[in-house]
Structures are given as C-alpha cells and as structure tokens.
Amino acid sequence: MIEIPSDLHKDLVPLAFLLGNWAGAGVHDFPGSEKCNFGQEVTFAHDGRDFLEYQSRTWVLDNEGNKVRPLESEAGFWRIDAERKITVTMTRDDGVVEIWYGELADKKPQIDLVTDAVARTPESPAYTGGKRLYGYVKGDLMWVGEKQTPEVELRPYMSAQLKKAVTPEDVERWAKDLPEDMPDDGIAFFK
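Just so it is clear: in the sequence shown, position 38 is 38 by full-length UniProt numbering, and no numbers are missing.
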C-alpha cells in the first residue's frame, strides 16, 4: 500500500511510492570487478521541502547470505517537476558525483534515469555514465543499473529487488491507529 504523508510537499506526490526504508538483495556483475550477490538498504525520506533525500548502502554477501564487506554507498536528492521530469543529484563513496535526468512513466510507478554529468576525483575508478530503471512492482521496489567506462560499453552491472522494511516508528504509528473496539482475542477479524 502506498501512503502519502500529510506533510509531503505537493510536488512529490507522484514519487510517494518510493518513500520509506527498503531492504533486499541483488546481483553485481561488471568486467574488472568481482561478480557477487549483494544486500542493500535504501531510504527515501522527506522533510516537507520539494525533494526526496536518498541513501543506499550495499554489501557483498557470501553463499549463505551473510555480510562480507561493504560494496557501494551513495546519497542524493530527487526532484520532480510538473511535467514528471526527474532530476537526481548523487554522490558515491568512490568519489563520483552525478547529475541524473529522467522521467516518471505515464500511469505507472516506473522511473527511467540517465546521467547528464559525471565528476570524479583522481582516485575514482574509470566511469563515464549510466542508466537506471526503478519500478514499483507488486509492492516491491525493483531496480537495474547500467554503467559505462572508457573500456566497457554501457551494460547492466547491478540489479536488486527490495521489500519495504518496517521501522520502530511504523510500529508505533500503527499501534496509535488501532481502533478503540479492537477484539481481545483477534479471532473476530476472521469471522
């Protein structure tokens, strides 16, 4: 279920499906780096202004699904205009700063993004641009990322399926919203 917070900036309502904490797993595969499964936590938050704050952390998983080490981290800000055009500014832990442009699909929660500008520190790995596709599918947040370098043409390198994560704040909010006439045994819900 998609909730639209009452204090969400009106321009961000089309992006409300992104809000919250997400967690899941995916696959990383790019020439010159280790192919692996990874875990991911993503947060899309707002503070009433006209942007969503974005944070993502990924880590390598072993064959049993245990965390091995950090993989990639990124943070940024997402905006949308009246024509459903999206602008994302993003900073990555490897010293890359990106500007992404894209759009929200018509009549479905799907976002296509492509890099417009990439800036790198001298220590950063070679990277010249990328594409991303995000979609809200049956309650899950799915995404695939493509990237290119001077040596490798644009190709998929990461994808994941994320589920909405429950926070202590969610539980507290839900507890406050329980009806006054809640049955003691819970069985009444099923009658």
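We put the CB at the ideal spot given by N, CA and C, even for glycine.
Taking a contact as a CB-CB distance under 8 Å, the pair L71 and A25 does not count as one, their CB atoms being some 11 Å apart.
Take R84, set aside five residues on each side of it, and the residues of its chain with a beta-carbon closer than 7 Å to its own are P14, E103, L104, in chain order.
Beyond the five residues adjoining it in sequence on each side, D93 comes within less than 6 Å, by CB distance, of S73 in the same chain, given in chain order.
Counting only the Cα atoms, K138 lies some 11 Å from I2.
The DSSP-derived three-state label of K10 is helix.
Here DSSP, grouped into helix, strand and coil, assigns F38 to strand. The Cβ-Cβ distance between V68 and E98 does not fall below 8 Å.
The straight-line gap separating the alpha-carbon atoms of G76 and D177 is approximately 32 Å.
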